[in-house]
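Report on one structure; see the data block that follows.
2 protein chains.
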Amino acid sequence: MELVFLIPVAGLAAVFYAAYLAWDVLRRDPGTPEMEDVGAMIFEGAMAFLKRQYGTIAILAVVTAVLISVIVGAVSEGVKDIEPSGSGADISIVYSPDAVVDHWEEGLLTGIAFLVGAAASALSGYIGMYISVRSNTRTASAATRSLKEAITVSLRGGAVSGFLVVALSLLGVSSIFFIYSEVLGNSDAIAPFLIVGFGFGASFVALFAQLGGGIYTKAADVGADLVGKVEAGIPEDDPRNAAVVADLVGDNVGDCAGRGADLFESMSAENIGAMILGVAIYTVTQDIEWIIFPLVLRSFGILATIVGLTSVPFFARDDSNQNPMTPLNYGYYVVSILSAIGLFITTKVMLGDEWHWFFFCGLIGIATGIAFVYITQYYTSGAWRPVRDIAEASRTGPATNIIIGTAVGLETTAATAITIAIALVASFALGSEADIPGAGGFTTGVFGTAVATMGMLMSAAYILAMDTFGPITDNAGGITEFSGAPESARHITDALDTVGNTTKALTKGFAVASAGLAAFLLFSAYLDKVKERLDIPLNEELPIDLSDVDVFAGGLIGAMLVFVFSSLAIRAVGNAAGKIIEEVRRQFREDPGILAGTSRPDYGRAVDITAKAALREMIAPGVLAVGLPIAVGLIFRYVRGGDAGWLAVSGMLMIGTITGILMATFFNNVGGAWDNAKKYIESGQMQVAGEGGKMETLGKGTEPHKAAVVGDTVGDPFKDTAGPSLHVLIKLLSTITLVMAPLFIP
Amino acid sequence: MELVFLIPVAGLAAVFYAAYLAWDVLRRDPGTPEMEDVGAMIFEGAMAFLKRQYGTIAILAVVTAVLISVIVGAVSEGVKDIEPSGSGADISIVYSPDAVVDHWEEGLLTGIAFLVGAAASALSGYIGMYISVRSNTRTASAATRSLKEAITVSLRGGAVSGFLVVALSLLGVSSIFFIYSEVLGNSDAIAPFLIVGFGFGASFVALFAQLGGGIYTKAADVGADLVGKVEAGIPEDDPRNAAVVADLVGDNVGDCAGRGADLFESMSAENIGAMILGVAIYTVTQDIEWIIFPLVLRSFGILATIVGLTSVPFFARDDSNQNPMTPLNYGYYVVSILSAIGLFITTKVMLGDEWHWFFFCGLIGIATGIAFVYITQYYTSGAWRPVRDIAEASRTGPATNIIIGTAVGLETTAATAITIAIALVASFALGSEADIPGAGGFTTGVFGTAVATMGMLMSAAYILAMDTFGPITDNAGGITEFSGAPESARHITDALDTVGNTTKALTKGFAVASAGLAAFLLFSAYLDKVKERLDIPLNEELPIDLSDVDVFAGGLIGAMLVFVFSSLAIRAVGNAAGKIIEEVRRQFREDPGILAGTSRPDYGRAVDITAKAALREMIAPGVLAVGLPIAVGLIFRYVRGGDAGWLAVSGMLMIGTITGILMATFFNNVGGAWDNAKKYIESGQMQVAGEGGKMETLGKGTEPHKAAVVGDTVGDPFKDTAGPSLHVLIKLLSTITLVMAPLFIP
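If you read the sequences in order, they're chains A and B.
Per my numbering, the first sequence starts with residue 1, numbered consecutively.
Per my numbering, the second sequence starts with residue 747, numbered consecutively.
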């Protein structure tokens, strides 16, 4: 227990560091009055949307919490205690004959955990966005002075969000674990099962936050582009376009609030899942370290990230030739090296004689994180073949741009799937080498995959800081254009924006990879929950037979859920964008002074319409995601009878997760590649031999560029709505089945 | 054994009926000299491609056959006989202590079966295409006279292909079964395991035929459209476009030869799989009927189809208001009703006292076939919401056309997945009700899913006839345009072409649904093969545990295979189309007389270049599909050790199949919907309120139409290359793992 003190230390260190960064950002110059003016509009629009969105989510969450309490309370048999029986190699993990937590109490505790998780998730989204919409004008203002200052402001603004999300997850999970075990007097072995509601609450809020934010941001983006750039022929972010403020608001509500909630729930759910897996080893060794190990490891990750982020400015040169990505990459190496050291200490101190096997597992996780940084860059950056192929295909028009883009996007799943498969199999194999009497190779192997996941997520705060950096610089660029700031400032924000696109793509790759690694541990946690209900010892295997017709049918429906959910998310963007286009057209029509530049469009009304449309459109995919797993479990349980309910849900969870990982990878990467193919052409790098053999540049305004713009627009809802929402869907499948498992078991 | 005589009777009846139809088509008027001229060019181009393609495939097939013989011979332990032990409820299915078929003999027989299956598949593709390229000019000629005659000619041409493919599959499988059991003196119980090579051979040829043909047809189509319609501004099928003959050739090599090989392998592999499942019941009951039941049921299906096809002209009215689809639908009902009667007779006579359960299973299969006819029509026909939504989205440009089209395509997987899931679970549940002492509910349940699959495939010849009808009418339209036939003939071929598009879409829906139903039976057959190798009694369950890391990793790679294979297939079309565009541009540039209409382009050279490009491009996805399952099995077997090899392959097979079903559905339906959205706009049905509220038609040549053309072009490689190739990939995964299983088992 020596290292437990680190949990509050790291958690509070992160909060104080975030507070310092926030203070540092807020005390800076908020820019010219024009910047302040548009900044205020963005702030108001973003906060108004968030308020409305959280209002809707709060109602849904409270209803769900009550339902969970009542349903779990009514159908569960209560929680039985878990104890070792026998000793040495003959040890077995058995359940007490009677429940030690009454079923109504179980329901109530689960419902409360759900609400706490939901509230913490909402809070982290809110704070992150608050700072982000305060950092954008300050970054725009800094860009009028120097690149280095602009990087510092935007990265610090992003870091506030990163640290708070990670700290809230760590402190939230450890507090509720502490309360449910020590304060309420439950045994440490069953407490992890009681807090699963926290993960579900976090997923629930993340789902709607990501859907609502993702629909908002892309509907505004697509709508503003189609009606402004295509129809009216005015530039991007032009103040005459009534949808332009909505577009700037969208960057914040989608990328900051949505992604923050996404990573908050990843960390929380995976932490809780890993703690459940630790229970089996704890029961046979009686060392509580196996349960709280994930929390301690995360604490080291936070400390490593604080050092890494602080080191970034030291790698930045004042020299304008330096790629702004370079210091960020160096900072990531610092985090990775310090994480490896923290991993060494944590495993050696906490995980007994066989610690080294788990140390190797954690290293695999850290290496997987680094691998994904490179894989994503290869597929979505203009420097390599994939994006150039798409740019080249734009020469024969939008159709070939889409065809080759789709081919590239599908291809990117190869590196993702193979890397995840290797990381999983290797960490399982290493973990199962650990010889812990009574635990068995399967139990330690699964724990090994959990350590790999934890190792990868140690750098989550850094990744999230880089991610939030994206919308801040994107917004700063918009504000610069909108407020008529000097050309030189626009150059600086453009350079930052390009980096921001890369870091946003990285976060998505990281989120998918962590979801892939975590799938296995969360599935095992679900099976542990089923074992507990069926009185099967935790250290015995419970095979889920793929040749069972219910598992297969559940799997088919799980894969289908991914397709249909994506369909609803993509269509939602189309529908909401249609509303925005109508509104902007109406404003152009009713006040000709807008296009002439003599009167100011009604930005607020466009923001309002976007918000309403996004909130309406998030309901259908959200309800499908929450409802279908429950419906499948109940239908199979009652129509097919026997074990069919939880078996079908097992198939759905596992095969839905695999399909979701691949589809999310496809959507994220194809969107990023289309975006950068357009940017590649705009940058004037595409040269072809023209008449008489002399080289021509196919740049902005040419037919290939127009074709590339079509691809970019198609990619918008793919990469910023469907893809990120799928990350959340995958995790939601795990947390919902964990909480609702009693419903599916006869 | 009373009904066995039906197998040769139905097989020969189909051959003679096909011969009669072929004679009837060939004796008809081949049209004007201009028609004969272009017909001859198409014939030459198609035959030249097929010869070259089959040459390449033959080399690959012979090498593969030798490798199979050597590998299976070297690694297998030979085939042990299967016998019942004990009696009544205590009966168990055990293996003889020694192999009754020596391992080298097993290798040799498997290799020979592979070659026979490959040759039969190639033959059915060849004959079908021969008649089809002879029917096209005759249909064009008939179209100058009457709609009814044009339907008769094209449907009879298509029926030749349908009957020959089904007959060759039936006669091929039954002959090789007869030779390997009776002639070579092996027991009936092990003969089905010896003929699995036949299915693999069929899949092997189908894979390359479908890939090569699919790439050819869409590369020519996309290339001809982009360089003709878009660049040069000349109409479709205009004789000045050098690629137009290649485009017409493509319809035949893609849809006729490719789809024929696809359905040939479906029927063969599913027949063999069902026979293997019958072995378990045969062993305990000692009734050979359980093994040969699938062959007899198929025979009834052929007889039902002969009657159904003959009945179509009786439903056709001379009245031009009749939708040409109506008589085809009535004919399908005739086939379905007669199939149900045949199913009743076969199950009652052959399947013992509990026959009625299997009769119900078969009815579910027949009903599933009918359901898919309607599901496909709903999603791809202009009469319903999905296609109209896409047409509507075209008003805001190509980007929204693609976005909404993608959403619709993803949505279509819902009906497909749910229907397949219900059919599988219901037929399994009914089958497992059959009380056959010693067989167990799992064995009879899986056999129930096999009967459902067989029931659905009874109408395969009819479906295939309708499918081949598509390219014949498509070609006839092209010939009419190309040869300058009167406008009235073009109207008739246009009407037929619309029906042909629907029937082509139906076949794809049918192929996907049968693949979905068959997945379960083929997977069970693979597990039976594993059981046989591991000496596990056939009537015991062999769980494939989804929470096993090797199964999960294999599943992840299986799903990835579907994505990457699709990527290669789609990119192949893009690459090959690029070559064609270059060639047509070159011809326009070097001879200005072509565009002026004074000199004739070099069609042959364009055909030649397309063929070369398609053959080159089919290699990469083909090798990936064949190589990856083997590589995964070997890597897991030797790197991970133990059972990891065959477990990883199990996960790959099952999850690859589920993902493949959904992706194929998406590709087929989205492509069909985009195509019909374009046709919907062209037909002038899209009316919008314009200025002052009066209605305007947004038809051909308007901006929404151009946007819809982009969607249609994108959909081409999706629906005619990637989608159909995925059907074959799914089946290939099953047959390759069946044959190669010994390689993955320690």
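Backbone N, C-alpha and C define an ideal beta-carbon position, used for all residues, glycine too.
{"query": "Helix, strand or coil for residue 696 of chain A, going by three-state DSSP, please let me know.", "result": "strand"}
{"query": "Assess, as a yes-or-no matter, whether the stretch 173-188 of chain A is touched by the stretch 12-31 of chain A under the definition of 3 or more beta carbon pairs within less than 8 Å.", "result": "no"}
{"query": "What are the residues in the stretch 437-464 of chain A lying within 9 Å of chain B by C-beta distance?", "result": "442, 445, 446 and 449"}
{"query": "Classify residue 661 of chain A as helix, strand or coil using the three-state DSSP reduction.", "result": "helix"}
{"query": "If you check the beta carbons only, do residue 1408 of chain B and residue 1206 of chain B fall under 7 Å apart?", "result": "no"}
{"query": "In this structure, how does DSSP classify residue 822 of chain B when only helix, strand and coil are distinguished?", "result": "coil"}
{"query": "Could you run through the stretch 1453-1471 of chain B and flag, in chain order, every residue whose CB is less than 7 Å away from some CB of chain A?", "result": "1456, 1459, 1460 and 1463"}
{"query": "Using the beta-carbon of each residue, which ones in chain A are nearer than 7 Å to residue 846 of chain B?", "result": "Those do not exist, as residue 846 of chain B stays about 27 Å from chain A at its closest Cβ, beyond 7 Å."}
{"query": "Just the chain A side, please: which residues come within less than 9 Å of residue 1400 of chain B by C-beta, in chain order?", "result": "546, 547, 552, 555 and 655"}
{"query": "Could you check what DSSP says for residue 85 of chain A in three-state terms: helix, strand or coil?", "result": "strand"}
{"query": "Just by C-beta distance, which residues in the stretch 382-413 of chain A are closer than 7 Å to chain B?", "result": "393, 396, 397, 398, 399, 400, 402, 403, 404, 406, 407, 410, 411 and 413"}
{"query": "Using a Cβ-Cβ distance under 7 Å, would residue 1481 of chain B count as near chain A?", "result": "no"}
{"query": "For residue 1433 of chain B, name the three-state secondary structure that DSSP assigns.", "result": "strand"}
{"query": "Beta-carbon within less than 6 Å of residue 1322 of chain B's beta-carbon, same chain only, minus the 5 sequence neighbours each way: which residues are those?", "result": "961, 965, 1359, 1360 and 1363"}
{"query": "Please name the residue or residues paired with residue 839 of chain B in a DSSP beta bridge.", "result": "B:830"}
{"query": "In the stretch 522-538 of chain A, which residues sit with their C-beta less than 7 Å from some C-beta in chain B, listed in chain order?", "result": "523, 524 and 527"}
{"query": "List the residues of chain B whose Cβ lies closer than 7 Å to the Cβ of residue 659 of chain A, in chain order.", "result": "1305 and 1405"}
{"query": "Measuring CB to CB, does residue 329 of chain A end up less than 7 Å from residue 443 of chain A?", "result": "no"}
{"query": "Name the chain A residues that come within less than 8 Å of residue 1171 of chain B, Cβ to Cβ?", "result": "549, 550, 553 and 640"}
{"query": "Output needed in chain order: residues of the stretch 1308-1325 of chain B with a Cβ under 8 Å from some Cβ in chain A.", "result": "1309, 1310, 1312, 1313, 1314, 1316, 1317, 1319, 1320, 1323 and 1324"}
{"query": "So residue 1166 of chain B contacts chain A; which residues on that side make the cut at Cβ distance below 9 Å?", "result": "553 and 556"}
{"query": "Can you check DSSP and say which residues form a bridge with residue 101 of chain A?", "result": "A:79"}
{"query": "Contact defined as beta carbons within less than 8 Å: I believe residue 654 of chain A pairs with residue 1170 of chain B. What is the distance between those atoms, to the nearest angstrom?", "result": "Not a contact, Cβ separation roughly 18 Å."}
{"query": "Going by other Cβ atoms of all chains shown within 10 Å of its Cβ, with 16 needed for buried, is residue 773 of chain B buried or exposed?", "result": "exposed"}
{"query": "Does residue 972 of chain B get closer than 7 Å to chain A when you measure Cβ to Cβ?", "result": "yes"}
{"query": "Can you name the residues of chain A whose CB is closer than 7 Å to the CB of residue 1327 of chain B?", "result": "396"}
{"query": "From the DSSP output, in three-state form, read off residue 545 of chain A for me.", "result": "strand"}
{"query": "How many Å lie between residue 767 of chain A and residue 629 of chain A at the Cα?", "result": "Residue 767 of chain A lies beyond the range of chain A shown here (1 to 746); nothing can be said about it."}
{"query": "Please state whether DSSP places residue 775 of chain B in a helix, a strand or coil.", "result": "coil"}
{"query": "If you draw a straight line from the C-alpha of residue 294 of chain A to the C-alpha of residue 271 of chain A, how long is it?", "result": "6 Å"}
{"query": "Taking beta-carbon pairs under 7 Å, can you tell me which members of the stretch 1056-1087 of chain B lie near chain A?", "result": "none"}
{"query": "Along the stretch 969-1001 of chain B, where does the CB come closer than 7 Å to a CB of chain A? Name the residues.", "result": "972 and 976"}
{"query": "Quick check: the Cα distance between residue 1241 of chain B and residue 1070 of chain B, rounded to an integer number of angstroms?", "result": "8 Å"}
{"query": "Can you tell which of A:588, A:155, A:368 and A:536 has the C-alpha that lies nearest to the C-alpha of residue 84 of chain A?", "result": "A:536"}
{"query": "Using a Cβ-Cβ distance cut-off of 7 Å, determine whether residue 1289 of chain B contacts chain A.", "result": "yes"}
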